[in-house]
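Asks: Take a look at the following structure, please.
Now the structure itself:
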């Protein structure tokens, strides 16, 4: 009865059930569904959108999060030599060097599969020439920008079908832009020169491109800019020969997306950088928006009271953290993030870091493996095995100021796996429920 009185006095119900341990005395199993979970919506101070394989552009009006826009910036880089894993000089084959004649320049773009907003409406994609250099090795964040010529080099009206078709590497399927001959001739004149043999000199001379869209666009798309995807070709022929030839340029250098939002008139209009809004002020819902930096912060203020229930004779057998988006806000292109991770967050609402790497919650103490959770369309939730983490907190092996729910990407290779924040899209979610299901046992 005392146990029930304690738990039913709490708010924000979650489920707790109990397993029976295999050793020691006579243990009881108990069930309650009322342990407190504290939830707030937080806006992080900065979101790194560089150093990722792709970037996004576009704009749309979100019915929950307001106006969202993205401008993409990328360098144009030298050819890539897969055998050395480095840039190669931009030079003609020796037989062509004295007789090469410029024909044209094209840019070919690969869609990375990301689309958001109203995909039934066309979008005008513009390519501009940058007038400002990238800063080498700088981590660009979502509110950074670079100067560019406001007059586009090329523009094209595109539909969702055009982007969907462009996920193939077949050239005829790609989004294709014919670039002005003025630019093509400028680059053609660099072939074989000092500026075409050194990547820093080349990017200083050429800089790169900015990708923008029409002001009344209602959708966003992403491009893949990694090896063997989007690229540019300088077409030429040799004098007295009709056979077309080409030199390839890449988009393997610096790139990032400037992602902005205007939340005026929404439930989040008062949310500022490093600020927070308690769930009690937003209908007990919290919010996540990739790229903009809006995240949900959770903590468990009454978790330690579990130890008091059984005079410290409590064993945590299993724990799950279950995060459930509100289906009323999942429709059409408005999908939750595909994958999320958990990161320690401080009382100042900054993500905690060690050696400049985010402190991801390692959920398997024995192996040190970090986990992500994929969105389950069947169950409409994300689920984490939380056992080791809860055991460590209750046993005072670790402390926490809270956990941030962040969009992420899991990279797996022969050397292992790693997690990184994935900010180069604009997916979002309205979180309806966050439940901590704890299976524990206590001695009578």
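Residue numbers (our numbering): 2 to 445. Note that beta-carbon positions come from the ideal geometry of N, C-alpha and C, so glycine has one too. These figures come from a predicted structure and were not determined experimentally.
#1: Return helix, strand or coil for residue 306, following the three-state DSSP convention.
#2: Of the choices 213, 204 and 427, whose alpha-carbon is the least far from that of residue 48?
#3: Assign residue 163 to buried or exposed, taking buried as 16 or more other Cβ atoms, counted over all protein chains shown, within 10 Å of its Cβ.
#4: Looking only at its own chain, which residues have a Cβ that is under 6 Å from the Cβ of residue 434, when we skip the five neighbours before and after it?
#5: Quick one: using the 10 Å Cβ neighbour count with 16 as the cut-off for buried, is residue 132 buried or exposed?
#6: Between the Cα of residue 76 and the Cα atoms of 253, 440 and 180, which residue gives the shortest distance?
#7: Closest to residue 344 by C-alpha separation, out of 93, 442 and 358, would be which residue?
#8: For residue 266, is the classification buried or exposed, using 16 other Cβ atoms within 10 angstroms of its Cβ as the cut-off for buried?
#9: Please name the residue in 390, 299 and 46 whose C-alpha comes closest to that of residue 404.
#10: What residue range does the beta strand (DSSP E) around residue 107 cover?
#11: Quick check on the DSSP output: what are the complete alpha helix (DSSP H) runs of length 4 or more inside the region 338-410, in order along the chain?
#12: When the Cα atoms are used, what is the spatial distance from residue 197 to residue 268?
#13: Count the CB pairs spanning the region 165-175 and the region 69-87 that are closer than 8 Å, and state whether there are at least three.
#14: Within 10 angstroms of its Cβ, does residue 230 collect 16 or more other Cβ (buried), or is it exposed?
#15: Going by other Cβ atoms of all chains shown within 10 Å of its Cβ, with 16 needed for buried, is residue 216 buried or exposed?
#16: Over the uninterrupted alpha helix (DSSP H) stretch that includes residue 202, give me the two end residues.
#17: How big is the Cα-Cα spacing for residue 106 and residue 129?
#18: Tell me the rounded alpha-carbon separation between residue 390 and residue 337.
#19: Under the rule that 16 or more other beta-carbon atoms within 10 Å means buried, what is residue 284, buried or exposed?
#20: Do you know how far the Cα of residue 91 is from the Cα of residue 118?
#21: Kindly indicate which residue of 63, 66 and 58 has the alpha-carbon position closest to the one of residue 73.
#22: Would you identify the three-state DSSP class for residue 256, choosing helix, strand or coil?
#23: Across which residues does DSSP place residue 149 in a beta bridge pair?
Replies: Looking at the atomic coordinates:
#1: Within the chain shown, numbered from 1, the residue matching residue 306 stands at position 305. It is helical.
#2: Looking up residue 48 in the chain shown gives position 47. From the listed residues 213, 204 and 427, the smallest Cα separation to residue 48 is found for 427.
#3: Position 162 of the chain shown holds residue 163. Buried, because 16 or more other Cβ atoms sit within 10 Å of the Cβ of residue 163.
#4: By one-based count along the chain shown, residue 434 stands at place 433. Closer than 6 Å at Cβ, skipping near neighbours: 325.
#5: As a position in the chain shown, residue 132 is number 131, starting the count at 1. Within 10 angstroms of the beta-carbon of residue 132 lie fewer than 16 other beta-carbons, which makes it exposed.
#6: Start at 1 with the first residue of the chain shown, and residue 76 comes out as number 75. That would be 253, whose Cα lies nearest to the Cα of residue 76.
#7: Working through the chain shown from its first residue, we reach residue 344 at position 343. Comparing Cα positions, the closest option is 358.
#8: In the chain shown, the residue the question calls residue 266 occupies position 265. Per the 10 Å Cβ criterion, exposed.
#9: Sequence index remark: in the chain shown, residue 404 carries index 403 (1-based). Measuring from the Cα of residue 404, the nearest candidate turns out to be 299.
#10: Counting from one through the chain shown, the residue named residue 107 turns up at place 106. That run of the beta strand (DSSP E) goes 101-118.
#11: If one requires a minimum length of 4 residues, the alpha helix (DSSP H) runs lying completely within the region 338-410 are 388-395, in chain order.
#12: Mapped onto the chain shown, residue 197 falls at position 196. Mapped onto the chain shown, residue 268 falls at position 267. Rounded to the nearest angstrom, the two C-alpha atoms are 52 Å apart.
#13: No: fewer than three Cβ pairs fall under 8 Å.
#14: As a first step, residue 230 is located in the chain shown; it is residue number 229 there, counting from the start. Label assigned to residue 230: buried.
#15: By 1-based counting over the chain shown, the position of residue 216 is 215. It counts as exposed.
#16: On the chain shown, residue 202 is found 201 positions in, with the first residue counted as 1. Per DSSP, the continuous alpha helix (DSSP H) segment holding residue 202 begins and ends at 200-207.
#17: Counting from one through the chain shown, the residue named residue 106 turns up at place 105. Counting from one through the chain shown, the residue named residue 129 turns up at place 128. Cα-Cα distance, rounded: 15 Å.
#18: Indexing the chain shown from 1 puts residue 390 at position 389. Indexing the chain shown from 1 puts residue 337 at position 336. Using only the alpha carbons, I get a separation of about 25 Å.
#19: Taking the first residue of the chain shown as 1, we reach residue 284 at position 283. With fewer than 16 other Cβ atoms within 10 Å, it is exposed.
#20: Counting from 1 along the chain shown, the entry for residue 118 is found at position 117. Counting from 1 along the chain shown, the entry for residue 91 is found at position 90. Computed Cα separation, rounded: 40 Å.
#21: Looking up residue 73 in the chain shown gives position 72. It is 58 whose Cα lies nearest to the Cα of residue 73.
#22: Stepping through the chain shown from its first residue, residue 256 is reached at position 255. Residue 256 carries a strand assignment under DSSP once its states are collapsed to helix, strand and coil.
#23: Within the chain shown, residue 149 is the residue found at index 148, counting from 1. Answer is 131.
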